[in-house]
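J.:
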Amino acid sequence: MLLFCYNKKKRRTDMALKTAFCSSLIKIFSDSPVDFSYEGLSLLHGEKGNFQIVFRSDRDCTVTVKTDFSAVSLYEVKEIYSRTPIHKDSCGDIYLEKNGDPGFYPDLLDIFNGTLTLKKEKTAALWVNVDSAKAVSGNYDIVFCIEEDGAKTELSFPLKIWEARLPSQELIHINWFHTDCLASYYKVPVFSEEHWRITENFIKNAVSHGVNCIFTPLFTPPLDTEVGGERPTVQLVGVKRGKNYKYEFDFSLLERWIDMCLRNGASYFELSHLFTQWGAKHAPKIMAETSEGLKKIFGWETKASSAAYMNFLSQLGPALKEYTDKKGITDICFIHCSDEPSLEDIKYYKKASDAVRKYFGAYKHIDALSDFDFYKKGLIEIPVPEEGCIEEFDGNVPSLWTYYCCGQYREELPNRFFAMPSIKNRILGVLLYKYNCAGFLHWGFNFYYSQYSKREIDPFTETDAGGSFPSGDSFVVYPGKDGSPLSSVRQKVFYDGFQDIAALKALEKKYSRQFVLGFIKEELGDINFRSYPFDTDKFLSFREKIGPLLEK
Numbered sequence: 109m110l111l112f113c114y115n116k117k118k119r120r121t122d123m124a125l126k127t128a129f130c131s132s133l134i135k136i137f138s139d140s141p142v143d144f145s146y147e148g149l150s151l152l153h154g155e156k157g158n159f160q161i162v163f164r165s166d167r168d169c170t171v172t173v174k175t176d177f178s179a180v181s182l183y184e185v186k187e188i189y190s191r192t193p194i195h196k197d198s199c200g201d202i203y204l205e206k207n208g209d210p211g212f213y214p215d216l217l218d219i220f221n222g223t224l225t226l227k228k229e230k231t232a233a234l235w236v237n238v239d240s241a242k243a244v245s246g247n248y249d250i251v252f253c254i255e256e257d258g259a260k261t262e263l264s265f266p267l268k269i270w271e272a273r274l275p276s277q278e279l280i281h282i283n284w285f286h287t288d289c290l291a292s293y294y295k296v297p298v299f300s301e302e303h304w305r306i307t308e309n310f311i312k313n314a315v316s317h318g319v320n321c322i323f324t325p326l327f328t329p330p331l332d333t334e335v336g337g338e339r340p341t342v343q344l345v346g347v348k349r350g351k352n353y354k355y356e357f358d359f360s361l362l363e364r365w366i367d368m369c370l371r372n373g374a375s376y377f378e379l380s381h382l383f384t385q386w387g388a389k390h391a392p393k394i395m396a397e398t399s400e401g402l403k404k405i406f407g408w409e410t411k412a413s414s415a416a417y418m419n420f421l422s423q424l425g426p427a428l429k430e431y432t433d434k435k436g437i438t439d440i441c442f443i444h445c446s447d448e449p450s451l452e453d454i455k456y457y458k459k460a461s462d463a464v465r466k467y468f469g470a471y472k473h474i475d476a477l478s479d480f481d482f483y484k485k486g487l488i489e490i491p492v493p494e495e496g497c498i499e500e501f502d503g504n505v506p507s508l509w510t511y512y513c514c515g516q517y518r519e520e521l522p523n524r525f526f527a528m529p530s531i532k533n534r535i536l537g538v539l540l541y542k543y544n545c546a547g548f549l550h551w552g553f554n555f556y557y558s559q560y561s562k563r564e565i566d567p568f569t570e571t572d573a574g575g576s577f578p579s580g581d582s583f584v585v586y587p588g589k590d591g592s593p594l595s596s597v598r599q600k601v602f603y604d605g606f607q608d609i610a611a612l613k614a615l616e617k618k619y620s621r622q623f624v625l626g627f628i629k630e631e632l633g634d635i636n637f638r639s640y641p642f643d644t645d646k647f648l649s650f651r652e653k654i655g656p657l658l659e660k
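The sequence shown begins at 109 in our numbering and counts up one residue at a time.
This is the structure in structure tokens:
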């Protein structure tokens, strides 16, 4: 039995405290009614599960909560303001919370200090995370003893942990890690010891939520940067330019980065883009030691195909391969050319792609692009189309990936915005399984700048990158006071979707892929990225049936 005790000094008999359990797929607003019915949760062994306890009182009060069960972690769900919940040419209120209007949305999972402060006639929620790896298989009754000012009630929540184990994640998950944003927000020098400490805290969080491929800034990433502008320098490869433009490379910072990621469980590395975003027309910012001191040797003023930059890449490629071979990571590295090129930029992209293949051919070449012509012309090894274009790539590429970002908000397309029901976040996992995707990419793990990186933002008060992106697009974690990330409802629900993939993989191993596809169709219908059920009870029922099938 798991016991949560609420202690107060004095007994009250006139308290009207309403409580209920609800699933992790319900977003609890301050005006939500407490009329939920959620009858329990089952998890494969090793799976992390989530549910919520909802509270509403007829007066201001404080409740104290404790637990003696080490497998449970509690978080306070807090509403965060959104000025831009959704672009207003979206497709209808049925797919949005609060009609997508500006206002407060439940998102932040704050550190729970043992007390929950309730405001009169305002609904609040505790997020309960259960790590089944910390418990043995079996049936549990989680008993919640609730006391406020002496008044007491009890709630019991059933939990089952199956003997069947959740297999390791196979799908490659990239969520771009913005190292410079951490230095900017916490006001610490880049790659100072404090910056390394903070960075490792965020890496640890990312990996624990399924991000197994870490974005690695060989040079300052040329991403979401105003033309002619710069982001703070975060360059892991030291460069020294000698006579006749001969270069020496120092991989000591990269070595520290690689070691940090590996000890925290990373499985792959995503090497940053060698050409600018949206067209591959320029070189990224690259700093080097020269006879004149440390200076920028490449940047917006450098044409991508210039002889000087090609000379640099021709020396960097072999040196980098020698290092990654020695480190034993060449086979687990991906490398980028340019992000999201359009078809009108294909001639520039071709020149850049040719250079990547020529000098960095040891690495898997991956880029987010959604026009199939890039792949058809042999310019990209692993194209990553946005989810709305996945059908053209499905069955036509050996390794199917997809992504979504601020542009995927119309129709039923899955996404993770504040204003979207959580089912639109979680359903992605089942869709990735159905389409047999090898990987998923997203651009915003912790982007704490405005669009084009023009200025810093406070993600607790400005959630839309300066009004440019729907809230929820640019980050999934908040920067905590101690240099550790605070999770979000969206991050937990998204990771539940990745655990759904692993559970379906376990089912596939026991039966067959055809069996699992039939099971999905029977329970959820003939789903695709634009058509799937919004009924959360139906989805949860589907998920609950996997455990019994595995233990037949």
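By construction, the Cβ of each residue, glycine as well, lies at the ideal position given by its N, Cα and C atoms.
Predicted model, so just to flag it, every value in this text is computed and none were measured.
1. Starting from N247, trace the beta strand (DSSP E) both ways and give me its first and last residue.
2. Between which two residues does the beta strand (DSSP E) carrying Q423 extend?
3. For N283, tell me which candidate among Q607, Y603 and D643 has the shortest Cα-Cα distance.
4. Whose CA, out of S450, P325, W304 and S132, lies closest to the CA of R598?
5. Quick check: the Cα distance between T438 and T432, rounded to an integer number of angstroms?
6. Strictly by DSSP, which residues pair up with I474?
7. Compare the beta carbon distance of K600 and L217 with 8 Å and say whether it is the shorter of the two.
8. Which residues in the same chain have their Cβ closer than 7 Å to the Cβ of Y146, if we skip the five residues on either side of it in sequence?
9. Can we say the stretch 545-561 touches the stretch 229-245, given the rule of at least three CB pairs closer than 8 Å?
10. Evaluate F526 with the Cβ neighbour count: other Cβ atoms within 10 Å of its Cβ, from every protein chain shown; 16 or more gives buried, anything less gives exposed.
11. Taking the CB atoms as reference points, tell me whether S579 and T571 lie closer together than 8 Å.
12. The beta strand (DSSP E) with Q277 in it runs from where to where?
13. Is the beta carbon of P214 less than 8 Å from the beta carbon of V238?
14. Going by beta-carbon coordinates alone, are N247 and K312 separated by less than 8 Å?
15. Which residue comes first and which comes last in the beta strand (DSSP E) that contains L676?
16. Please state the DSSP three-state secondary structure of D215.
17. For F137, does the three-state DSSP call read helix, strand or coil?
18. Would you say the beta carbon of Q516 is closer than 7 Å to some non-hydrogen atom of the ligand HEM?
19. Verify whether the separation of the beta carbon atoms of G157 and F606 is less than 8 Å.
20. What do you get for P522, buried or exposed, if any count of 16 or more other CB atoms within 10 angstroms of its CB means buried?
21. To the nearest angstrom, report how far apart I635 and K629 are at their CA atoms.
22. For the beta strand (DSSP E) containing R349, list its first residue and its last residue.
23. Have a look at R191, Q423 and I269 and flag the residue whose alpha-carbon is nearest the alpha-carbon of Y355.
24. Out of K126, V251 and A416, which one is the CA nearest neighbour of V180?
25. Between the beta-carbon of G672 and the beta-carbon of F357, is there less than 8 Å?
26. To the nearest angstrom, how far is the alpha carbon of E519 from that of E499?
27. Is the CB-CB distance between M395 and T341 below 8 Å?
28. By a C-beta neighbour count over all protein chains shown, 10 Å radius and 16 as the cutoff for buried, is E255 buried or exposed?
29. Does the Cβ of L402 have 16 or more other Cβ atoms within 10 Å, making it buried, or fewer, making it exposed?
30. In chain order, what residues of the same chain lie with their CB nearer than 8 Å to the CB of S276, ignoring the 5 residues before and after it?
31. Cα separation between G258 and I161?
32. According to DSSP, simplified to helix, strand and coil, what is T231?
33. Taking only runs that begin and end inside the stretch 147-200, name each unbroken beta strand (DSSP E) of 3 or more residues, in chain order.
34. Count the other C-beta atoms from every protein chain shown that fall within 10 angstroms of the C-beta of A412, then say buried if there are 16 or more, exposed otherwise.
35. Is there contact between the stretch 447-458 and the stretch 371-389, where contact requires at least three CB pairs shorter than 8 Å?
36. For L379, report the span of its beta strand (DSSP E) as first-last.
T.: Taking the coordinates as given:
1. Here the question's residue 247 lines up with position 139 in the sequence shown. Looking at the DSSP string, the run of the beta strand (DSSP E) that includes N247 is G246 to E256.
2. By one-based count along the sequence shown, residue 423 stands at place 315. No beta strand (DSSP E) contains Q423, which is instead part of the alpha helix (DSSP H) from A415 to K435.
3. Working through the sequence shown from its first residue, we reach residue 283 at position 175. The shortest CA-to-CA distance from N283 to any of Q607, Y603 and D643 is the one to Y603.
4. Within the sequence shown, numbered from 1, the residue matching residue 598 stands at position 490. If we check each option's Cα against that of R598, S132 comes out closest.
5. Taking the sequence shown and counting its residues from 1, the one referred to as residue 438 is at position 330. Taking the sequence shown and counting its residues from 1, the one referred to as residue 432 is at position 324. For T438 and T432, the distance between alpha carbons rounds to 5 Å.
6. As a position in the sequence shown, residue 474 is number 366, starting the count at 1. In the DSSP output, where bridge partners are listed per residue, I474 has I490.
7. Locating residue 600 in the sequence shown gives position 492, where the first residue counts as 1. Locating residue 217 in the sequence shown gives position 109, where the first residue counts as 1. In this structure, L217 lies closer than 8 Å to K600 by Cβ.
8. Position 38 of the sequence shown holds residue 146. Here the set comprises F129, C130, S131 and F159.
9. Contact fails: fewer than three Cβ-Cβ distances are below 8 Å.
10. The residue you call residue 526 lines up with position 418 of the sequence shown. So F526 counts as buried.
11. Taking the sequence shown and counting its residues from 1, the one referred to as residue 579 is at position 471. Taking the sequence shown and counting its residues from 1, the one referred to as residue 571 is at position 463. Yes, Cβ-Cβ distance for S579 and T571 is below 8 Å.
12. What you label residue 277 is simply residue 169 of the sequence shown in a count that begins at 1. No beta strand (DSSP E) contains Q277, which DSSP labels as neither H nor E.
13. Here residue 214 corresponds to residue number 106 of the sequence shown, with the count starting at 1. Here residue 238 corresponds to residue number 130 of the sequence shown, with the count starting at 1. At a Cβ-Cβ threshold of 8 Å, P214 and V238 do not count as neighbours.
14. Taking the first residue of the sequence shown as position 1, residue 247 is located at position 139. Taking the first residue of the sequence shown as position 1, residue 312 is located at position 204. No. Outside cutoff.
15. For residue 676 there is no data in the structure shown, the boundaries of the chain being 109 and 660.
16. For the purposes of this step, residue 215 is identified with residue 107 of the sequence shown, where counting begins at 1. Three-state DSSP puts D215 in a strand.
17. Along the sequence shown, one-based indexing puts residue 137 at 29. F137 falls in the coil class under three-state DSSP.
18. Absence of the ligand HEM from the depicted structure is noted, as is the absence of any ligand whatsoever, leaving it without description.
19. Residue mapping note: residue 157 aligns to position 49 of the sequence shown, counting from 1. Residue mapping note: residue 606 aligns to position 498 of the sequence shown, counting from 1. For G157 and F606, no; Cβs fall outside 8 Å.
20. Taking the sequence shown and counting its residues from 1, the one referred to as residue 522 is at position 414. A residue is called buried when at least 16 other Cβ atoms come within 10 angstroms of its Cβ; P522 meets this threshold and is buried.
21. Translated into the one-based positions of the sequence shown, residue 635 becomes position 527. Translated into the one-based positions of the sequence shown, residue 629 becomes position 521. Distance between the alpha carbons of I635 and K629: 7 Å.
22. Working through the sequence shown from its first residue, we reach residue 349 at position 241. Run containing R349: G346 to R349, per the beta strand (DSSP E) assignment.
23. Here residue 355 corresponds to residue number 247 of the sequence shown, with the count starting at 1. It is Q423 whose Cα lies nearest to the Cα of Y355.
24. Residue 180 sits at position 72 when you count from the first residue of the sequence shown. Taking the Cα of V180 as reference, the smallest distance to any Cα among K126, V251 and A416 is reached at V251.
25. Outside the shown range of the chain (109 to 660) lies residue 672, about which nothing can therefore be said.
26. Locating residue 519 in the sequence shown gives position 411, where the first residue counts as 1. Locating residue 499 in the sequence shown gives position 391, where the first residue counts as 1. Taking the straight line joining both Cα atoms gives about 16 Å.
27. As a working mapping, residue 395 is identified with position 287 in the sequence shown. As a working mapping, residue 341 is identified with position 233 in the sequence shown. In this structure, T341 lies closer than 8 Å to M395 by Cβ.
28. Counted from its first residue, the sequence shown places residue 255 at position 147. By the neighbour-count rule (16 or more Cβ atoms within 10 Å), E255 is buried.
29. Reading the sequence shown from its first residue, position 294 is the one you call residue 402. With fewer than 16 other beta carbons inside 10 angstroms of its own, L402 counts as exposed.
30. For this step, residue 276 is matched to residue 168 along the sequence shown. For S276, the CB contacts under 8 Å within the same chain, skipping 5 residues up- and downstream, are A610 in chain order.
31. The sequence position of residue 258 within the sequence shown is 150, counting from 1. The sequence position of residue 161 within the sequence shown is 53, counting from 1. Rounded to whole angstroms, G258 to I161 spans 20 Å at the Cα level.
32. Working through the sequence shown from its first residue, we reach residue 231 at position 123. Coil, per DSSP.
33. Within the stretch 147-200, the complete beta strand (DSSP E) runs of at least 3 residues are 149-153, 156-165, 169-172 and 180-190.
34. Reading the sequence shown from its first residue, position 304 is the one you call residue 412. By the neighbour-count rule (16 or more Cβ atoms within 10 Å), A412 is buried.
35. Touching, yes.
36. Numbered from its first residue, the sequence shown carries residue 379 at position 271. Per DSSP, the unbroken beta strand (DSSP E) holding L379 starts and ends at Y376 to L379.
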